[in-house]
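Quick note, our numbering runs 913 ahead of the 1-based positions in the sequence shown.
We treat Cβ as the ideally placed atom computed from N, Cα and C, and that holds for glycine.
Quick notes on the structure that follows.
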Amino acid sequence: MTGNRTFTMIKPDAVENGHIGAILEKITAAGFKIVAMKYTQLSLRDAKGFYAVHSERPFFGELVEFMTRGPIVAAILEKDNAVEDFRALIGATNPAEAAEGTIRKLFATSIGENAVHGSDSDENAAIEGSFHFAGREVY
Ligand code: GDP
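Next comes the structure, spelled out in structure tokens:
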């Protein structure tokens, strides 16, 4: 059985480039309901904790620097088959390989600065959602 929630962030590059509205429009047009949302900036500690699974990767320093350089939009989204459907909506990690019409194809600039995050499993969706939101902030 698959869950009906996923977690996303509109990353600093997409915020800087003025794409918040267009990305939220794509998300809601695809049938996702926003059940929690905030505009915030990650601290160094937040970013290192959120991406701890990548701490041994060569790009970790770059990733943390990028994700802390400006505000983000964090949200929990609800839809049947949320994790898989949202990964399809955002497209491949590298925008050069992302399918036409996907959010990363439309709005990302590089493999690092790729506009949006989408959880890769139901388990991580729950962990990432609780990282950013208290229970009383989820509707
Ligand atoms: P995702 O699940 O599609 O977001 O991809 P991953 O879990 O593999 O990587 C997490 C994030 O790390 C990506 O979304 C990128 O922002 C960043 N990232 C992945 N690969 C690279 C890379 O080769 N270079 C840099 N600078 N960042 C990367």
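In the DSSP assignment, find the beta strand (DSSP E) that holds residue i and state where it starts and stops.
i       : result
Ala1012 : Premise fails: Ala1012 is in no beta strand (DSSP E) and is neither H nor E.
Lys951  : Lys946 to Thr953
Thr919  : Arg918 to Ile923
Ala1031 : With the sequence shown as reference, residue 1031 is identified as Gly, and Ala is not the correct amino acid for it. Val1029 to Gly1031 is the span of the beta strand (DSSP E), which, as asked, contains Gly1031.
Less than 8 Å separating the beta-carbons of residue i and residue j?
i       : j       : result
Val1051 : Val986  : no
Arg918  : Leu990  : yes
Pro925  : Phe972  : no
Phe1020 : Ala1012 : no
Lys992  : Lys951  : no
Asp1035 : Thr915  : yes
Thr1015 : Gly1004 : yes
Gly1048 : Thr921  : no
Ala1038 : Val977  : no
Arg1000 : Pro1008 : no
Could you spell out where the alpha helix (DSSP H) holding residue i opens and where it closes?
i       : result
Leu988  : The residue asked about is misnamed: residue 988 is Ala in this sequence, not Leu. Ala988 -> not in any alpha helix (DSSP H); beta strand (DSSP E) instead, spanning Ile985 to Glu991.
Val996  : Ala995 to Ile1003
Gly1042 : Asp1035 to His1045
Ile1024 : Premise fails: Ile1024 is in no alpha helix (DSSP H) and is neither H nor E.
Ala935  : Ile933 to Ala942
Consider the C-beta atom of residue i and the heavy atoms of the ligand FMN; say whether any pair is separated by less than 7 Å.
i       : result
Gly1025 : Here the bound small molecules are the ligand GDP; the ligand FMN is not part of this structure.
List, from N- to C-terminal side, the alpha helix (DSSP H) runs of 4 residues or more that fit wholly inside the region 961-986.
Counting only runs of 4 or more, we get 973-981.
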